[in-house]
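**Student:** Numbering (our numbering), first residue to last: 150 to 347.
Mind looking over this structure? Questions follow.
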């Protein structure tokens with residue numbers, strides 16, 4: 150029997166798109182391209198998610214790689230980008246419906262702590278019964294240990310859980326642990342509803 154729904158963050162509860170994020174910062178197209186490459190496409194960006202470096206350290210590195218006139222922008226983007234993400238309201242409405250029907254909702258996401266804390270400490274955090282974040286655990290999906298970390302921490306049985314993620318590698322890893330899994334895109338929300346509620 151299904152009791153717990155585990156949601157990834159990027160492209161599941163929100164649209165993770167660096168270009169859309171950067172449109173909020175009044176940049177020329179040249180600056181836009183440079184900052185996307187410097188920040189979002191850097192190896193440090195995934196090191197933040199992996200918990201190898203934190204956002205402060207990464208910011209210093211990014212600042213050292215851009216012209217002086219863009220250094221302030223880098224700082225601004227790094228401290229405010231979570232506020233400029235497009236969250237999927239229909240997904241949160243569905244979570245609300247699930248909670249009202251007695252399901253427990255968990256988050257399992259490859260993300261740095263700045264974004265993790267932004268969600269956790271906002272009203273969105275109230276939708277979740279628990280969280281596991283890659284930066285905090287210093288491991289990332291699809292490493293099976295991070296799924297086991299969630300199961301153990303909240304005392305969940307794999308067969309009573311459904312994991313929702315946008316990447317097939319991640320849903321595949323969950324299935325191999327006996328967790329039901331669903332590879333999500335926002336236009337598959339109705340399919341997901343059907344799968345859970347019938």
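Note that CB positions come from ideal geometry on N, CA and C, so glycine has one too.
Report, in whole angstroms, the separation of the C-beta atoms of residue 286 and residue 298, which I expect to be a contact under 8 Å.
**Tutor:** 6 Å
**Student:** Are the stretch 314-324 and the stretch 216-227 touching, with three or more C-beta to C-beta distances below 8 Å?
**Tutor:** no
**Student:** Let me know the beta strand (DSSP E) ranges lying completely inside the stretch 208-258, each 3 residues or longer, listed in chain order.
**Tutor:** 253-258
**Student:** Residue 258 and residue 282 look like a contact to me (Cβ under 8 Å); what is the Cβ gap, rounded to whole Å?
**Tutor:** 6 Å
**Student:** So which of 151, 230, 177 has the shortest CA-CA distance to residue 189?
**Tutor:** 230
**Student:** Does the beta-carbon of residue 302 have 16 or more other beta-carbons within 10 angstroms, so that it is buried, or is it exposed?
**Tutor:** exposed
**Student:** Suppose you measure from the CA of residue 195 to the CA of residue 261; what does that come to, to the nearest Å?
**Tutor:** Roughly 9 Å between the two C-alpha positions.
**Student:** Classify residue 172: buried if its beta carbon has 16 or more other beta carbons within 10 angstroms, exposed otherwise.
**Tutor:** exposed
**Student:** Below 8 Å, can you find three or more Cβ-Cβ pairs linking the stretch 177-189 to the stretch 235-254?
**Tutor:** Not touching, per the Cβ criterion.
**Student:** Output needed for residue 307: all residues of its chain with C-beta closer than 7 Å, excluding positions within five of it in sequence on either side, in chain order.
**Tutor:** 300, 326, 327, 328
**Student:** Which residues bound the alpha helix (DSSP H) around residue 198?
**Tutor:** 192-198
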